[in-house]
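Structure first, commentary second.
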Amino acid sequence: MTEAHNQNALSSEIDRRLFLSVAAAAATLPLVSQASAQPQPGVGSGPRPGSDMVRLQKRTPQIWRVTISNPPFNLVVPELVSALHAVVTETERDPEVKVVLFASDIEGYFINHFDLSKALDFPMEATSPPTSTWTDMVVRMTRSPAINIAVVRGRTRGGGDEFALACDMRYASREKAFFGQPEVGAGILPGGGASERLPRLIGRDRALEIILSSRDYGGEDAERLGLVTRALPDGELDAFVDSLATRLGGFDRQALAAAKAQVNRATLPPEADLHAAYVEYVASLDWPGFKARRPRMGKLVSEYGADVERRLGHYLGLAN
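The working numbering applies: residue 516 is where the sequence shown begins, and numbers increase by one.
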């Protein structure tokens with residue numbers, strides 16, 4: 516073996532041990548905000564096997580709709596990651612699907628941030644070194660031949676915002692959509708792809724503003740900054756996205772996938788950077804700054820309840 520190979524192997528082993536040791540410590544950390552309630556079964560095509568948080572509706576062989584439901588706040592939990600990962604796998608294997616729409620049926624929320632109380636339980640892939648299922652999922656979404664579209668009506672922060680960033684296009688309600696990366700305000704790092712995707716999407720300075728400020732950005736601001744493909748009046752959002760999906764669904768699948776692959780070559784971050792960011796995020800859960808802010812956020816939750824989730828960017832400012 517070459518010296519470079521040995522150094523890479525050593526680095527991988529260090530990353531593996533760091534992840535496992537810090538994740539074990541992180542499992543004891545309390546929430547930054549309230550955990551979600553028990554998920555409720557949905558309608559449409561029925562729940563996917565093993566989870567009622569994700570419902571897959573095949574509108575046509577070419578156009579699928581995925582609806583996320585983890586009330587009350589649509590927090591990202593291990594079961595949701597596994598269910599979404601299964602959907603991505605299915606889109607890769609299906610020979611006909613061309614467009615996949617991701618939406619939520621929880622009022623006020625698209626996909627929210629990670630539930631940090633379950634850090635140890637987030638699924639991992641059986642690789643060497645082990646890698647997060649989340650990172651594997653978002654990498655495969657961007658490489659999938661299917662065109663993934665986020666339909667954002669409500670708040671999407673942290674991991675939810677990073678999921679939207681991994682989609683090929685993002686369409687938002689001008690009145691109801693809010694975007695944010697709250698991690699730095701809570702004393703930790705983003706780990707789901709924001710630090711790697713945002714600079715390529717909107718530029719370094721705007722990416723830094725969003726990540727460092729931990730503010731919430733409404734649909735109109737998100738469109739102005741380039742976070743979303745378009746922000747539309749709420750009453751026009753579904754019709755616009757459905758029309759686009761129908762149009763793309765009529766195009767040649769090979770041409771769609773090949774054009775996406777061409778754009779990918781010019782825009783995607785290195786996969787290694789995404790995996791490294793997840794390890795760094797897990798390590799940051801043990802930082803003193805996060806531990807110092809936990810009780811402050813807990814006090815705000817006890818005083819203001821669900822409003823902390825609704826206006827998380829505002830309350831993060833109060834906790835510092």
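Beta carbons: idealized from backbone N, C-alpha and C, even for Gly.
Cβ shell of residue i (< 6 Å), same chain only, five flanking positions each side left out
i    : result
D683 : I662 and N663
A772 : P660
P576 : E611
I725 : Q696
Y860 : There is simply no residue 860 to check, as the chain begins at 516 and stops at 835 in what is shown.
V743 : R685, A687 and A737
Y830 : L815 and V823
N835 : none
V591 : F629 and G674
Residue i, DSSP secondary structure in three states
i    : result
L815 : helix
T657 : helix
F755 : helix
A787 : helix
D609 : coil
D767 : coil
D822 : helix
F678 : helix
N779 : helix
T604 : helix
F617 : strand
N663 : strand
V797 : helix
Beta-carbon separation (whole angstroms), residue i vs residue j, contact threshold 8 Å
i    : j    : result
A746 : A737 : 6 Å
R712 : P784 : 6 Å
G673 : H628 : 3 Å
D676 : A709 : 6 Å
T646 : M639 : 7 Å
A768 : K613 : It should be noted that the sequence gives Arg, not Ala, for residue 768. Going by Cβ atoms, the distance from R768 to K613 rounds to 5 Å, so yes, they are a contact pair.
Closer than 8 Å: residue i CB and nearest the ligand FAD heavy atom
i    : result
R825 : Ligands are entirely absent from the displayed structure, and the ligand FAD is therefore not among its contents.
Proximal residues to residue i (C-beta, below 7 Å), its chain only, five neighbours per side dropped
i    : result
R689 : G734, E735, A746, L747, P748 and D749
R730 : G695 and G828
E607 : R655 and S659
Cβ-based burial, residue i [other Cβ within 10 Å; buried from 16]
i    : result
V778 : exposed
K806 : exposed
T507 : Any answer about residue 507 is impossible in this case: the structure gives the chain only from 516 up to 835.
A722 : buried
P705 : buried
P644 : buried
A510 : Absent from the structure is residue 510, since the part of the chain shown begins at 516 and ends at 835.
S817 : exposed
A665 : buried
Residues of its chain near residue i, where Cβ-Cβ distance is below 8 Å and the 5 sequence neighbours each way are ignored
i    : result
Y732 : F693, F694, G695, I725, L740 and L742
Ordered list of beta strand (DSSP E) runs contained in the segment 620-654, each at least 3 residues: none
For the segment 683-719, which segments carrying the alpha helix (DSSP H) assignment without a break, of at least 4 residues, lie completely within its bounds, in sequence order? 698-701 and 709-717
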